[in-house]
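Engineer:
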Amino acid sequence: MKSNQSNIKKAKKYLDSNECIAVPTETVYGLAGNAYSDFSAKKIFKLKKRPSNNPLIVHYYNLKALEHDCIINEDFKKLYNKFSPGPITYVLKLKKNSKISKFVTNNKNTVAIRFPKHKLLRKLLKVLSYPLAAPSANISSKLSSVQPSDVKEEFGRKLKYILKGGRCSIGVESTIIKLTDTPSILRLGGLSVSKIKKIIKKQILIKNKSKNKISPGLFSLHYSPGIPLRMNVKKPNEGEAFVLIKKRKTNSKNYFFLSKNNNLIKAARNLYPLIRKIKNKGYKKIAVEKIPNIGIGQTINDRLERASKY
Ligand code: TXA
Ligand code: MG
6 MKSNQSNIKK AKKYLDSNEC IAVPTETVYG LAGNAYSDFS AKKIFKLKKR
56 PSNNPLIVHY YNLKALEHDC IINEDFKKLY NKFSPGPITY VLKLKKNSKI
106 SKFVTNNKNT VAIRFPKHKL LRKLLKVLSY PLAAPSANIS SKLSSVQPSD
156 VKEEFGRKLK YILKGGRCSI GVESTIIKLT DTPSILRLGG LSVSKIKKII
206 KKQILIKNKS KNKISPGLFS LHYSPGIPLR MNVKKPNEGE AFVLIKKRKT
256 NSKNYFFLSK NNNLIKAARN LYPLIRKIKN KGYKKIAVEK IPNIGIGQTI
306 NDRLERASKY
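Each residue of the sequence shown is one higher than the last, beginning at 6 in my numbering.
Spelled out as structure tokens, the structure:
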């Protein structure tokens, strides 16, 4: 489409001059900047009010673009061939002569990398001469953005440009897997652990709740709606918004539905915007019914649990 072409040109112009912009991905919107530029990286942290010890994910177009920056291994190759581009982030060893800004990696010898699937973002990555560092496009510890209006709500006029790519098809962040030694899941996400297990066929540690904080972004206060949230609720209290997994007939105005018919994939897609909507309607408390803890339901429960630490 012609309009897409001119938007990509515009986005490239901002990025080439070290500005940050919002970009669509299939998981959530990202707040992107040139991953090779200290200046851009610092700007991302400032805009997001993100603690500087929390490293960023670097987004690549393909393997060729990645070759200079990280050391890949067999587990990576298997997963890459099956799931990338898509909602999976790999933590790999950084190459000594990598051009990635030390502000992006927080001076670590590892880096989190990902190949996003969103068509518009892929078109943009293809014309850039550097990968994009991009955390989720939200103020640190708040709910991620899954549509341009969310990004506006988060940053207002502080953000120069949003590359608009509609509503994110997955709606929760990527699954993060560390592949530098025994594979370990650092964050549950858009790709279920069972699918990953089928491909690497060996022990995978699940460290998303581990206390040793490999991923500083997994501090418990995260994905915060800004109002209290309770999980596994059978009956809501007076004044609470009640979130249900499946639509049901009711006259109660405070009932909200994640999907029509118990569909966990759709529920994940609707999770953040529904919570935003409830908050914007002025509710002061949220109650959520029990969500099946299978497949992407595990990711939904993980996010709800963190949101409930308010
Ligand atoms: O779906 C996604 O992954 C989105 C889109 C925009 O790509 N991005 C995203 O980024 O969720 P962010 O910054 O919100 O979360 C990145 C997580 C943080 O928890 C951070 O601590 C962790 O990745 N991380 C980054 N580099 C790491 C590293 N070298 N080792 C361990 N964890 C790392
Ligand atoms: Mg985030």
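All residues carry an ideal CB built from backbone N, CA and C; glycine is no exception. In this text the structure is predicted, and so the values were computed from the model without any measurement.
Mapping the DSSP letters down to three states, classify N266 as helix, strand or coil.
Structural biologist: Reduced to three states, the DSSP call for N266 is strand.
Engineer: Round the Cβ separation of I201 and I182 to the nearest angstrom and send it over; I've been treating them as touching at under 8 Å.
Structural biologist: Contact holds; Cβ gap of about 7 Å.
Engineer: Comparing alpha-carbon positions, which option in L164, T185, K128, I209 lies nearest S386?
Structural biologist: Since the first and last residues shown for the chain are 6 and 315, residue 386 lies out of range.
Engineer: Taking C-alpha atoms, which residue in D80, G302, Y34, S313 lies nearest to S367?
Structural biologist: The structure shown does not extend to residue 367, since the chain is modelled only from 6 through 315, so no value can be given for it.
Engineer: Taking its Cβ as the centre, do 16 or more other Cβ atoms sit within 10 Å of I62, making it buried, or is it exposed?
Structural biologist: Result: buried.
Engineer: G91: beta carbon under 7 Å from a heavy atom of the ligand TXA?
Structural biologist: No, the ligand TXA has no heavy atom inside 7 Å of this Cβ.
Engineer: Counting only runs of 3+ residues fully inside the segment 81–141, write out the beta strand (DSSP E) ranges in chain order.
Structural biologist: With a minimum length of 3 residues, the continuous beta strand (DSSP E) runs that stay inside the segment 81–141 are 93–99, 115–119.
Engineer: Less than 6 Å between C-beta atoms, sequence neighbours within five positions excluded: which residues of the same chain meet that for R274?
Structural biologist: Cβ neighbours of R274 beyond the five flanking positions: G176.
Engineer: Anyone know if the C-beta pair for I296 and I250 falls short of 8 Å?
Structural biologist: Against a cut-off of 8 Å, the Cβ pair of I250 and I296 comes out as a contact.
Engineer: Out of K240, K284, V151, which one is the CA nearest neighbour of T32?
Structural biologist: When only C-alpha atoms are compared, the closest one is V151.
Engineer: Give the DSSP-derived three-state secondary structure of Y277 in the structure shown.
Structural biologist: DSSP places Y277 in helix when its eight states are reduced to three.
Engineer: For the segment 45–84, which segments carrying the alpha helix (DSSP H) assignment without a break, of at least 4 residues, lie completely within its bounds, in sequence order?
Structural biologist: Counting only runs of 4 or more, we get 68–71.
Engineer: Look at the alpha carbon of S197 and the alpha carbon of I93, and state the distance between them as a whole number of angstroms.
Structural biologist: About 9 Å.
Engineer: Using alpha carbons as the reference points, say which of S42, V293, I144 lies closest to E310.
Structural biologist: Measuring from the Cα of E310, the nearest candidate turns out to be V293.
Engineer: Answer yes or no: do K252 and K265 have a C-beta to C-beta separation smaller than 8 Å?
Structural biologist: Yes, the pair counts as a contact, with Cβ atoms nearer than the cut-off.
Engineer: Using 8 Å as the threshold, is the C-beta distance between Y65 and F120 below it?
Structural biologist: Yes.
Engineer: Under DSSP, the alpha helix (DSSP H) around A312 begins and ends at which residues?
Structural biologist: Per DSSP, A312 belongs to the alpha helix (DSSP H) from 301–312.
Engineer: Is S141 near the ligand MG - that is, is its Cβ less than 7 Å away from at least one heavy atom of it?
Structural biologist: For the ligand MG, at least one heavy atom lies less than 7 Å from the Cβ of S141.
Engineer: According to DSSP, is I26 part of a helix, a strand, or is it coil?
Structural biologist: Reduced to three states, the DSSP call for I26 is strand.
Engineer: Put N9 into one of helix, strand or coil per three-state DSSP.
Structural biologist: The answer is helix: DSSP assigns N9 an H, G or I state.
Engineer: Using a threshold of 7 Å, is the CB atom of E159 nearer than that to any non-hydrogen atom of the ligand MG?
Structural biologist: Checking the Cβ of E159 against the ligand MG gives no.
Engineer: If you follow the alpha helix (DSSP H) that I205 is part of, which residue opens it and which one closes it?
Structural biologist: First-last of the alpha helix (DSSP H) with I205: 198–205.
Engineer: Closest to G237 by C-alpha separation, out of I305, K214, S106, N114, would be which residue?
Structural biologist: Here residue 237 turns out to be Asn, not Gly, going by the sequence shown. If we check each option's Cα against that of N237, I305 comes out closest.
Engineer: Closest to S2 by C-alpha separation, out of K271, N267, N268, N242, would be which residue?
Structural biologist: No statement about residue 2 is possible, as the shown extent of the chain runs from 6 to 315 and does not include it.
Engineer: Counting only the same chain and skipping the five closest in sequence on each side, list residues whose C-beta sits under 7 Å from that of L97.
Structural biologist: Closer than 7 Å at the Cβ level, and outside the excluded window around L97, lie C75, I76, I77, F81, T115, V116, I118, L184, T185.
Engineer: What number of angstroms, rounded off, separates the C-alpha of I211 from the C-alpha of A27?
Structural biologist: So the two alpha carbons sit approximately 31 Å from each other.
Engineer: Kindly examine the ligand MG and report whether one of its heavy atoms sits closer than 7 Å to the Cβ of E178.
Structural biologist: E178: yes, Cβ under 7 Å from the ligand MG.
Engineer: Please list the terminal residues of the continuous alpha helix (DSSP H) segment that includes K157.
Structural biologist: It spans 153–160 - the alpha helix (DSSP H) in which K157 sits, taken as one unbroken run.
Engineer: Can you give me the Cβ contacts of Y19 inside the same chain, cut-off strictly under 7 Å, excluding the 5 residues immediately before and after it?
Structural biologist: Excluding positions up to five away in sequence, the list reads I26, K165, Y166.
Engineer: Over the uninterrupted beta strand (DSSP E) stretch that includes N39, give me the two end residues.
Structural biologist: Where N39 is concerned, the enclosing beta strand (DSSP E) stretches over 35–39.
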